[in-house]
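Structure, as structure tokens:
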């Protein structure tokens, strides 16, 4: 039974098809990258898979259940695409990571020992065990990204879905991410990761899917970088990295 | 301090003090999530809507507290539906609440000609000193229910307020919790209108929270600190207003604003000092990702 299966998945925003008839199968324990240029529909496809945007056509199944009827969300660990873990009120890294345990908890009941242990373990896995009680808005962009990854790990998922976890983060975070992906794959967890650059991940991936104009144009071996991208010293510019203008609001919440 | 507190021997002062303290304690428990969701003004929006509710009470000769509760809860349901099912953005919906609420209140009060606008005034700016014991117990009951609900649901509420997309993928009942948050705000507004008045109600939701969050690092500390600060601000406001014989709502809010300005200034100074002595491991230890040009 595949972990994720899409058949002819189509998503449109205001009548314009962004994802057009994507067929995708991810087996348990498989590590797959979704690649493609900006606007190729990578993020939209993943949002459709987790149910954040509605399908205009086709089907999505999670663990063999139609996504609309899927309720076993504790099997899915999700790292959304965003540029920080901070919100309008200070929260510690441990508080953010413990959100990953809510899928395991009954509404209104206090956390159990297993929940607290999972939080501590996940923070250690991304190398932030010493930062559990730090406010997330005082952490660096890369550290905040690792907090979000730890939150997904705390769910103890069977599939880890990450939307551009490497955008604008430092080398240490990229290395931590590669380790996390390796460990998860070894533990039998499937991984679906959207990324522009494979970097240290290349050797741990089973497959890469390349999207162009909302269609799959490649499904197989991870592509090797070409042209100037092959140069290890090549620098990417990410205009939206860590530029969360919202963090300074009227009340000066920082 | 040789403050003359003999005024607390009057029963009407005890009633005023109890209601204000309860509101001060309970409002920040809801407000912390509104601030987290960056909806700090929603309490004020519901306060304007509540004006319509008060006028409905005048018109139908029922207790304004219950009609206000009904109208604000209905408004919060409409708000949430608009926000989630249409392209109306949060601030447009808020603007509609401000205009519509005031207009509805004044219009309906006009229809109930015998009551007059003077009566509306005591709800606009609060009139704690005329509260009866039944009203005090309603405030205590409503406030306790709201605070208890928010304390028990804290991790869930903070998850939907911090990152709604993640909360949805985690399988949390996001729509239900959003509605619950707006409805508890509506309850808070309705029960606290006698204490601080409808136009100032959002102050006690927001000010204690933004005051303490200048120095807190966790949501838990912000929530409990906010509740404590609200309690102290409301208490200080009531006593000051009684001693000076000025309206309690305005006094409470002014004390709150003063506390915020003082702590925000202090926090800015402390943060500047702390930049040199950081308390937690700084991000500087990470490798440089640029090659520094070698000096010729």
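Residue numbers (full-length UniProt numbering), protein chains in the order written: chain X, 1 to 254; chain Z, 1 to 296. C-beta atoms are modelled at their ideal positions from N, C-alpha and C, and glycine is treated no differently.
Taking residue i as the reference, which of the options has the closest Cα?
i, options, result
"residue 140(Z)", "111(Z), 190(Z), 171(Z)", "190(Z)"
"residue 349(Z)", "34(Z), 170(Z), 273(Z), 8(Z)", "Residue 349(Z) is absent from the structure shown; chain Z starts at 1 and stops at 296."
"residue 57(Z)", "7(Z), 120(Z), 90(Z), 36(Z)", "120(Z)"
"residue 75(X)", "82(X), 119(X), 62(X), 68(X)", "62(X)"
"residue 187(X)", "217(X), 156(X), 201(X)", "156(X)"
"residue 48(Z)", "223(Z), 198(Z), 267(Z)", "198(Z)"
"residue 130(X)", "94(X), 197(X), 191(X)", "94(X)"
"residue 66(X)", "199(X), 160(X), 3(X)", "3(X)"
"residue 104(X)", "124(X), 72(X), 81(X)", "72(X)"
"residue 13(Z)", "193(Z), 159(Z), 248(Z)", "248(Z)"
"residue 182(Z)", "43(Z), 193(Z), 23(Z), 24(Z)", "43(Z)"
"residue 209(X)", "69(X), 169(X), 193(X), 47(X)", "193(X)"
"residue 68(X)", "80(X), 154(X), 54(X)", "54(X)"
"residue 96(Z)", "85(Z), 75(Z), 108(Z), 263(Z)", "75(Z)"
"residue 176(Z)", "263(Z), 156(Z), 39(Z), 187(Z)", "156(Z)"
"residue 211(X)", "39(X), 185(X), 200(X)", "39(X)"
"residue 114(X)", "143(X), 154(X), 135(X)", "154(X)"
"residue 11(X)", "27(X), 28(X), 35(X), 48(X)", "48(X)"
"residue 159(X)", "170(X), 185(X), 140(X)", "185(X)"
"residue 108(Z)", "244(Z), 100(Z), 55(Z), 240(Z)", "55(Z)"
"residue 221(X)", "112(X), 35(X), 161(X), 28(X)", "35(X)"
"residue 91(Z)", "63(Z), 6(Z), 79(Z), 209(Z)", "79(Z)"
"residue 101(Z)", "68(Z), 239(Z), 122(Z)", "68(Z)"
Could you tell me which chain Z residues have their CB closer than 9 Å to the CB of residue i, listed as they occur along the chain?
i, result
"residue 135(X)", "216, 217, 218, 280"
"residue 71(X)", "171"
Can you name, in chain order, every residue of its own chain whose Cβ lies under 6 Å from the Cβ of residue i, other than the five neighbours on each side?
i, result
"residue 251(X)", "Bear in mind that the predicted position of residue 251(X) carries a pLDDT of just 41, short of 50, making it too unreliable to give a figure here."
"residue 195(X)", "33, 166"
"residue 207(Z)", "256, 260"
"residue 30(X)", "190, 206"
"residue 249(X)", "Confidence at residue 249(X) is low in this model, with a pLDDT of 38, below 50, so its placement is unreliable and the value that follows should be read with caution. Taken in chain order, the list of residues that qualify is empty."
"residue 107(X)", "none"
"residue 1(X)", "64"
"residue 217(X)", "210"
Could you name the residues of the same chain whose beta carbon sits closer than 8 Å to that of residue i, not counting the 5 residues immediately before and after it, in chain order?
i, result
"residue 8(X)", "21, 22, 23, 57, 58, 59"
"residue 216(Z)", "222, 225"
Mind listing the chain X neighbours of residue i? Cutoff is C-beta to C-beta under 9 Å, in chain order.
i, result
"residue 45(Z)", "Simply none; closest approach about 15 Å."
"residue 26(Z)", "What residue 26(Z) touches in chain X: nothing, since even the nearest Cβ is about 17 Å away."
"residue 161(Z)", "87, 88, 89"
Name, please, each residue of chain X whose Cβ falls closer than 8 Å to the Cβ of residue i.
i, result
"residue 138(Z)", "Within chain X, no residue comes near residue 138(Z); the closest Cβ sits about 25 Å away, beyond 8 Å."
My guess is that residue i and residue j are in contact by the Cβ rule of under 8 Å, so how many angstroms apart are they, rounded?
i, j, result
"residue 105(Z)", "residue 51(Z)", "3 Å"
"residue 32(Z)", "residue 226(Z)", "5 Å"
"residue 78(X)", "residue 169(Z)", "4 Å"
"residue 29(Z)", "residue 150(Z)", "4 Å"
"residue 8(Z)", "residue 17(Z)", "7 Å"
"residue 41(X)", "residue 18(X)", "5 Å"
"residue 101(X)", "residue 119(X)", "7 Å"
"residue 123(X)", "residue 150(X)", "5 Å"
"residue 112(Z)", "residue 59(Z)", "4 Å"
"residue 273(Z)", "residue 147(Z)", "Rounded, the Cβ-Cβ distance is 35 Å, inconsistent with contact."
Examine the ligand NAD and report whether any of its heavy atoms sits within less than 7 Å of the Cβ of residue i.
i, result
"residue 54(Z)", "Among the components modelled here there is no ligand, and therefore nothing to report on the ligand NAD."
For residue i, go through chain X and note every residue whose CB falls closer than 7 Å to its CB, in chain order.
i, result
"residue 165(Z)", "52, 80"
"residue 275(Z)", "Correct list: empty, because the minimum Cβ distance to chain X is about 11 Å."
"residue 37(Z)", "88"
"residue 222(Z)", "89, 90"
"residue 156(Z)", "102, 107"
Within the same chain, show all residues whose beta-carbon is closer than 7 Å to that of residue i, passing over the 5 residues directly before and after it, in chain order.
i, result
"residue 41(Z)", "94, 202"
"residue 82(Z)", "88, 93"
"residue 200(X)", "174, 175, 178"
"residue 164(Z)", "174"
"residue 213(Z)", "222"
"residue 131(Z)", "15, 16, 19, 194"
"residue 126(X)", "146, 149, 150, 176, 180"
What does residue i reach in chain Z if we use C-beta pairs closer than 7 Å?
i, result
"residue 92(X)", "217, 218"
"residue 64(X)", "Near residue 64(X) there are no residues of chain Z at all, since even the closest Cβ is about 17 Å away, more than 7 Å."
"residue 12(X)", "None at all; the shortest Cβ gap to chain Z is about 16 Å."
"residue 7(X)", "Simply none; closest approach about 21 Å."
"residue 256(X)", "Within the shown structure, residues of chain X are numbered from 1 to 254, placing residue 256(X) beyond reach of any answer."
"residue 108(X)", "152, 153"
Please compile the residues from chain Z whose C-beta is within a distance smaller than 8 Å of the C-beta of residue i.
i, result
"residue 99(X)", "155, 158, 159, 162, 163, 166, 167, 170"
*Tell me the start and end of each unbroken alpha helix (DSSP H) in the stretch 171-218 of chain Z that is at least 4 residues and wholly inside, in chain order.*
174-196, 201-212
*For the stretch 45-129 of chain Z, which segments carrying the alpha helix (DSSP H) assignment without a break, of at least 4 residues, lie completely within its bounds, in sequence order?*
64-85, 90-111, 117-125
*Complete alpha helix (DSSP H) runs within the stretch 81-115 of chain X (minimum length 4 residues, chain order)*: 93-98
*Which runs of the beta strand (DSSP E), 3 residues or longer, sit entirely within the stretch 179-218 of chain X?*
190-194, 207-212
*Fully enclosed by the stretch 132-182 of chain X, which beta strand (DSSP E) runs are 3 residues long or longer?*
159-163
*May I have a chain-ordered list of the beta strand (DSSP E) segments no shorter than 3 residues that lie completely inside the stretch 225-265 of chain Z?*
none
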